[in-house]
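Peer 1:
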Amino acid sequence: RSQVHLFNAYRTMEETNRQSPEEAIAAIKLGQLNAFIWDSPRLEYEAAQDCELVISGELFGRSGYGIGLQKNSFWTEKVTLALLQMHESGSMEALDNKWILHSEKDCDSDAQHFPYTLGIKNMAGVFVLVLSGIVVAFGLIVIEIVYKKRKARKLKRLAIAKRLAIKWRLRVQKRKSLYSNLYSAFPVLTKELSLNKSFEVESRSSTPCDSQTFVIPPPPPPPAAFQRMPPNYTSIPKRSAQQKIYEYKQRRSLGYY
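In this note's numbering, the protein residues as written are 943 to 1199.
1) Could you please give the first and the last residue of the uninterrupted alpha helix (DSSP H) stretch that includes V1021?
2) In the DSSP assignment, find the unbroken alpha helix (DSSP H) run with A977 in it and report its ends.
3) Looking at the structure shown, is K1096 part of a helix, part of a strand, or coil, going by DSSP?
4) Measuring only the C-alpha atoms, how far is Q991 from G1067?
5) Go ahead and label L985 buried or exposed: buried means 16 or more other beta carbons lie within 10 angstroms of its beta carbon, across all protein chains shown.
6) Contact between the stretch 1020–1034 and the stretch 987–1001: three or more CB pairs below 8 Å?
7) Quick one: grab the DSSP three-state call for K888.
8) Nearest to G1008 by alpha carbon, out of L1001, L1026, F1002 and C993?
9) Does DSSP classify M1200 as helix, strand or coil?
10) DSSP on E1134, reduced to helix/strand/coil?
11) Helix, strand or coil for S962, going by three-state DSSP, please let me know.
12) Where F1128 and I1108 are concerned, what is the direct C-alpha to C-alpha distance, given to the nearest angstrom?
13) Is I967 buried or exposed, if buried means 16 or more other CB atoms sit within 10 Å of its CB?
14) By alpha-carbon positions, which one of S1015, L1073, N1014 and Y987 ends up nearest to L1043?
15) When you compare the CB positions of A969 and R960, do they come within less than 8 Å of one another, or not?
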């Protein structure tokens, strides 16, 4: 992919090619060219000699210089070791500074150095992230509050429904106990009513119904507690539900209702 970009760049710059580096450097100084691509040692030397020229960007298409020797030569290993020793000792860097980067003009003194500062545009992404985090957190807080309120309402309704269910269950149990107490007296009543009905049939068969008269039986005697009361106090004894039902059934069988 990089080779394709280099080929496209070469086809674009083909019309502005110059015959020599000196001609290209002169065209840059005159403003006919915007940039000149060449070997880095030559460009570094020209930039060191003229303060108007500046090297821009990073190096690309790196390649090195080599010393050609005969194949299987005696000097191949010695020259290689000597070059490595010069590179490790710093001799190569010293030669670069002496012959390429050395300049009689002090370009650094003429240049105005401005401190590199970060503006609002450089920090815009950080502020956007912080604001988006605040908005998301606020939205989550609102959702949590609404959810807790709805949950509290639901729990309150469930508690009220549970209380009502308990009350209804207690009432049902009370009614069941009351009905069971009332139904426990039905066998005695049915037996007594059957005896009364048999007595009524025998009496009706012996005498005419028009001349038949019946005497209402007296109420049962009061309990012993009422008999012990002083004579100056009068009270009506209370009848139980069983006695009331018995009297009602007996009166109805005799035709008083």
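Cβ atoms here follow ideal geometry from the backbone N, Cα and C, with glycine treated the same way.
Peer 2: Judging by the given coordinates:
1) W1017 to S1031
2) Where A977 is concerned, there is no enclosing alpha helix (DSSP H), given that its DSSP letter is neither H nor E.
3) helix
4) 42 Å
5) buried
6) no
7) The chain is shown only over 943 to 1199; residue 888 falls outside these bounds and no answer can be derived.
8) L1026
9) There is simply no residue 1200 to check, as the chain begins at 943 and stops at 1199 in what is shown.
10) Only weak support exists for where E1134 lies, its pLDDT of 49 falling under 50; the coordinates are left without a value.
11) coil
12) For F1128, the predicted structure reports a pLDDT of 48, less than 50, and the residue's modelled location is therefore unreliable. The matter cannot be settled from this model.
13) buried
14) Y987
15) yes
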